[in-house]
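Let me begin by presenting the structure, written as structure tokens, before commenting on it.
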């Protein structure tokens, strides 16, 4: 969904933080959260969970995620890629 080039281990660190937030917010097992996991279908999030996840990502990474971008974040990799793009901006 988001095209970006990532350097070094940044994506791993970002993924680990996104994974940790997802585990805490959704009550899922760490093993269930992969880059390809979808928030709704794979991790069982509902619309309120998604809003809370987005807010947690914004707070953790000190970024703003516009509503039109948040609506497109279907999978963990979408969140990781967008966060990395914003961190590099």
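Numbering (the numbering used here), first residue to last: 222 to 310. For every residue, glycine included, the Cβ atom is placed at its ideal position computed from N, Cα and C. As the structure is a computational prediction, the values presented were derived from the model and not from experiment.
Are the beta-carbon atoms belonging to residue i and residue j less than 7 Å from one another?
i           : j           : result
residue 249 : residue 240 : no
residue 270 : residue 247 : yes
residue 259 : residue 306 : no
residue 238 : residue 281 : yes
residue 235 : residue 301 : yes
Quick check: the Cα distance between residue i and residue j, rounded to an integer number of angstroms?
i           : j           : result
residue 286 : residue 263 : 22 Å
residue 293 : residue 299 : 8 Å
residue 276 : residue 242 : 10 Å
residue 310 : residue 231 : 14 Å
residue 261 : residue 251 : 16 Å
residue 256 : residue 288 : 21 Å
Among the options, whose alpha-carbon lies nearest the alpha-carbon of residue i?
i           : options            : result
residue 290 : 304, 243, 277      : 304
residue 245 : 284, 257, 274, 288 : 274
residue 284 : 233, 265, 308      : 308
Could you please give the first and the last residue of the uninterrupted alpha helix (DSSP H) stretch that includes residue i?
i           : result
residue 258 : From DSSP, residue 258 is part of no alpha helix (DSSP H); its letter is neither H nor E.
residue 308 : 297-309
residue 271 : 268-282
residue 290 : 288-291
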